[in-house]
Amino acid sequence: MAEALTEEKARAAIAPVKHPAIDRTLVELGIAKDVKVDGNKVTITLALPFVGVPVPIRQILMNSLQEPLEKLGAEVAFEVVIMDPEALQRFLKLEQEGWKGL
-17 MAEALTEEKA RAAIAPVKHP AIDRTLVELG IAKDVKVDGN KVTITLALPF VGVPVPIRQI
43 LMNSLQEPLE KLGAEVAFEV VIMDPEALQR FLKLEQEGWK GL
């Protein structure tokens, strides 16, 4: 029988996932904000910096987080929110420091 999926294992699985255009992880950037585990279902709060993030970019971010969790046998769901002003300022600072482009 497979080991139970825990929040700690789920967080460890997504911790190294980097943003495609910024040399930082999605966790560091505050995009992968919260992780909840219920059985084999993992729900990630995806905090976007602004409302108009294009769907293809959003999909890339979600796919990059979903892939390592599915390898653990998880069913992945997302709750999409917009960053609060403090998180946005932190994101913009890290974006400027780590920008590498697409």
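The opening residue of the sequence shown carries number -17 in this note's numbering; numbering runs sequentially from there. For each residue, glycine too, the CB sits at the ideal point set by N, CA and C. Quick caveat: nothing in here was measured; it's all calculated off a predicted structure.
Inside the stretch 15 to 84, DSSP marks whole beta strand (DSSP E) runs of 3 or more residues at positions 23 to 30 and 57 to 64, from first to last along the chain. In this structure, Pro50 and Ala(-5) form a Cβ contact; the two beta carbons are roughly 4 Å apart against a cut-off of 8 Å. Straight through space, the alpha carbons of Gly55 and Glu(-15) are spaced by roughly 10 Å. Note that the C-beta distance between Ile4 and Leu76 is below 8 Å. The alpha-carbon of Phe73 is positioned some 31 Å away from that of Gly21.
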